[in-house]
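Undergrad: Please find one structure pasted underneath; my questions will follow.
Residue numbers (the numbering used here): 197 to 227.
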């Protein structure tokens with residue numbers, strides 16, 4: 197499954213945690 201994520205500066209730390217949680221998937225980080 198492909199998942200795209202992104203955030204502004206306020207959500208950056210949460211986005212990094214989410215990327216680790218979704219490590220079994222193909223995650224594309226759009227910033």
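Built from N, CA and C at the ideal position, the CB exists for glycine as well.
What number of angstroms, rounded off, separates the C-alpha of residue 225 from the C-alpha of residue 197?
TA: If you take the alpha carbons of residue 225 and residue 197, they lie about 14 Å apart.
Undergrad: For residue 199, which residues from the same chain have a beta carbon less than 8 Å from its beta carbon, with the 5 sequence-adjacent residues on both sides left out?
TA: Answer for residue 199: 218, 221, 222, 223, 224, listed in chain order.
Undergrad: Looking at the secondary structure, which residues open and close the beta strand (DSSP E) in which residue 225 lies?
TA: That run of the beta strand (DSSP E) goes 222 to 225.
Undergrad: Once you ignore the five residues that flank residue 212 on each side, which residues in its own chain have a CB closer than 6 Å to its CB?
TA: Nothing meets the Cβ criterion.
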